[in-house]
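In this note's numbering, each residue's number is its place in the sequence shown (first place is 1) plus 1413. Only one structure is covered here, and it is reproduced in the block below.
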Amino acid sequence: MSFFQEPPRLGNQYDEDVLLRSYLERVLPPDLKASLEDEFRELGELSGGYFYDFQLRDWQNEPVLTQWNAWGQRVDHIEVTPLWKEAQELTAKRGLVAVAYEQKSGDRSRVHQFALNYLIQPSLDIYSCPLAMTDGAARTLVSLGNKDLVERALPHLTSRDPATFWTSGQWMTERTGGSDVGLTQTVARRDAEGWRLYGTKWFTSATTAQMALALARPEGNGEGGKGLALFYVETRGADGRMNGIQINRLKDKLGTRKVPTAELTLDGARAVPVAGLTDGIRNMASMLNVTRTWNAVASAWMMRRGLALSRDYAKRRVQFGAPLAQKPLHVDTLAGLEAEFHGGFLLAFRAAELLGRMEAGTATEEELLLQRLVTPLAKLTLGRQTVHVASEVVEGFGGAGYVEDTGVPRLLADAQVLSIWEGTTNVLSLDALRAMARGGALEALDVDARRRLAAAKDAGLRPGVVVVEDALGKARAWVMEAMKDPAGVEAGARRFAL
Ligand code: MFK
Ligand code: FAD
């Protein structure tokens, strides 16, 4: 009889995730955890069942841009994939953004929100991209305290009703630079009715968003990031026509192919300054803080999905007389990846915890310093880890891992973006140095690490403690050396951060 290999299958992604459940047990008060358990289990079921099957069926669909209608009018309509349409409904109904703003889980609201997203997003084809930016925009409007814009946009960004829910874009990168955003060439001009933007935005993901926060230079302002201002833009007018915005094309990308990432021309787009007419980059920082935390947690959920598929496949694939799950070397390979994923998961959720405490106003001074440093460290570390883990996952499936309709290659192609967008590894390593330069952050990290090491020692986890102590010792030695040679600091920033 012919042989056919059974594909990998997923069960309930909450019940099967020992790490997530033990983590939530540790960080959520028992009553809160009990009250959220049904929600987690339902999303775990959808993620391993309905949406995973949908994702496999939907794999060939991609967003389509229609620039003109039959009568020659510019329409710039993007049709997203069927799965993305359902993801939008689900997001609103399950409060995948809203949970962080409702604050029903107090200073654990971010842990609650990110646990929900961690469970469901691996099956939603990077719909997390618009959600991260939506969340970042909501936080930025709240932080900068523009009352009119908060009243106008926040109810939409945090809505639980699919009919009124909005997503937001984040328009920073231009042809001149995505790292050095201070080179931005888009200008803002004031006329009798207000401000209008003129320029090109070179990478705008989730271009179906109803609004965006955009950087532009008010005419007459100086150069650099200080001369930029942060603007609020609604993408369409009340008549449904584009607001002085043209979508030139969708990018043809290595991965994230379900995400419509466009090049835009802004030709008189109406815009409203969010907070004054300078310091746009500083004002964008709370958005970056949120989206980089999403990026770190997204890296964790991508690693987890790859490993869940690999573990299941190892039970089904027989080579040399036994399932791979019984071959010591294959088991050892998966165990190494699992350990890497566990470390990454805990770092990403640490960033989420700190963000939640900062937003709820319960963070100590030490935690505020930690939050500023841990966010870039988590984003950059997990971004690199995920590429490595995804590559091993592909190899662990052998040739099937290289064949698109198994769904496995997509994991690697999508993982590669995590170290590029929201600031590359190098740029975030330099950001971590900047965070430390303010003083106190490295000390806060050291104190936090020592406290955790002491607890680990008490729990009898000696081998792990030795490894971490060694890494901390190296980091301290690097700082001492770096202080003697400031020129070497920049060159070594990435090694230090990782
Ligand atoms: C799946 C989940 C993920 C979803 C992803 C969504 C899709 C992807 C969308 C994108 O990729 S959006 C584009 C993301 N772009 C970046 O992340 C830009 C990367 N470049 C940097 O981060 C540069 O470091 C930066 C542009 C900030 C450098 O510009 P400057 O002009 O040299 O800024 P400078 O002087 O370092 O900082 C200006 C101010 O901002 C300073 O404050 P002051 O004016 O008070 O001195 C900084 O302290 C502050 N600042 C900068 N970075 C900060 C920050 N504050 C807090 N946190 C930070 N990270
Ligand atoms: P560059 O800045 O040219 O960087 C090239 C290399 O130089 C990198 O390896 C970088 O690490 C390195 N480098 C840069 N500066 C330094 C330095 N000082 N020291 C050492 N090394 C350095 N942007 C948006 O604004 N909105 C979006 O919605 C958006 N969506 C995106 C979606 C996708 C799929 C992708 C791939 C990108 C998206 N981006 C978006 C853009 C993204 O944020 C930028 O591509 C990224 O920040 C890097 O900028 P760059 O492409 O100009 O690369």
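Just so it is clear, CB atoms sit at the ideal spot from N, CA and C, and this is done for glycine as well.
- In this structure Thr-1775 is exposed. Its beta-carbon is surrounded by fewer than 16 other beta-carbon atoms within 10 angstroms.
- If you draw a straight line from the Cα of Lys-1740 to the Cα of Val-1555, it comes to about 54 Å.
- Residues of the same chain with a CB within less than 7 Å of the CB of Leu-1667, apart from the 5 flanking positions on each side, are Ala-1826, Gln-1829 in chain order.
- Cβ-Cβ distances below 8 Å link Thr-1589 to Leu-1596, Thr-1597, Gln-1598 in the same chain, with the five nearest sequence neighbours on each side left out; the list follows chain order.
- Leu-1760 has its Cβ no nearer than 7 Å to any heavy atom of ligand 1.
- Taking a contact to require three or more Cβ pairs closer than 8 Å, the segment 1659-1666 and the segment 1570-1581 do not qualify as touching.
- No Cβ-Cβ contact shorter than 8 Å links Trp-1615 with Pro-1686.
- Counting every other CB atom within 10 Å of its CB across the protein chains shown gives His-1801 a total below 16, marking it as exposed.
- Taking the CA atoms as reference points, Arg-1875 sits about 7 Å from Ala-1869.
- Boundaries cannot be given for Asp-1538, as no beta strand (DSSP E) includes it and DSSP labels it neither H nor E.
- Remark: the C-beta of Thr-1586 is in contact range of ligand 1, defined as less than 7 Å to any heavy atom.
- The way I'd put it, the segment 1533-1551 does touch the segment 1498-1511; three or more beta-carbon pairs between them come closer than 8 Å.
- By the CB criterion at 8 Å, Ser-1832 and Ala-1910 fall outside the cutoff.
- Annotation: the continuous beta strand (DSSP E) that includes Ala-1684 extends over 1675-1686.
- When C-alpha distances from Asp-1745 are compared across Gly-1756, Ala-1727, Gln-1732, Leu-1760, the shortest belongs to Ala-1727.
- Taking the CA atoms as reference points, Arg-1770 sits about 40 Å from His-1490.
- Between the C-alpha atoms of Thr-1571 and Tyr-1540 there is a straight-line separation of about 16 Å.
- A direct Cα-to-Cα measurement between Ala-1622 and Pro-1568 gives close to 15 Å.
- For Ser-1804, there is no enclosing beta strand (DSSP E); the residue is found in the alpha helix (DSSP H) stretching over 1778-1809.
- Annotation note: the segment 1422-1471 contains the following uninterrupted alpha helix (DSSP H) runs of length 4 or greater, listed N- to C-terminal: 1431-1440, 1443-1461, 1463-1470.
- DSSP places Val-1860 inside the alpha helix (DSSP H), whose first and last residues are 1854-1871.
- Within the model, the alpha-carbon separation for Tyr-1531 versus Asp-1430 is close to 11 Å.
- Take the alpha-carbon of Val-1892 and the one of Gly-1836: they are about 23 Å apart.
- Leaving aside the five residues that flank Ala-1682 on each side, the residues in its chain whose CB is nearer than 7 Å to its CB run, in chain order, Arg-1609, Leu-1610, Val-1646, Asn-1656, Gly-1657, Ile-1658.
- Relative to the non-hydrogen atoms of ligand 1, the Cβ of Gly-1852 never comes closer than 7 Å to any of them.
- Distance from the C-beta of Ile-1491 to the nearest heavy atom of ligand 1 is not below 7 Å.
- In the structure shown, Gly-1612 adopts extended strand secondary structure according to DSSP, grouped into three states.
- At least one heavy atom of ligand 2 falls within 7 Å of the beta-carbon of Gln-1583.
- Cβ atoms of Leu-1720 and Val-1806 come within 8 Å of each other, at about 7 Å.
- It is roughly 42 Å from the alpha-carbon of Trp-1834 to the alpha-carbon of Phe-1733.
- Per the coordinates, the alpha-carbon of His-1755 lies some 7 Å from the alpha-carbon of Leu-1432.
- In the three-state reduction of the DSSP assignment, Val-1646 falls in the strand class.
- Taking the Cβ atoms as the reference, Ala-1550 lies roughly 10 Å from Met-1697, outside the contact range of under 8 Å.
- Membership of Ser-1522 in the alpha helix (DSSP H) is indicated by the continuous run 1522-1533.
- Per DSSP, Asn-1634 is not a residue of any beta strand (DSSP E), being assigned neither H nor E.
- Unbroken alpha helix (DSSP H) runs of no fewer than 4 residues, entirely contained in the segment 1555-1603, are found at 1560-1570, following chain order.
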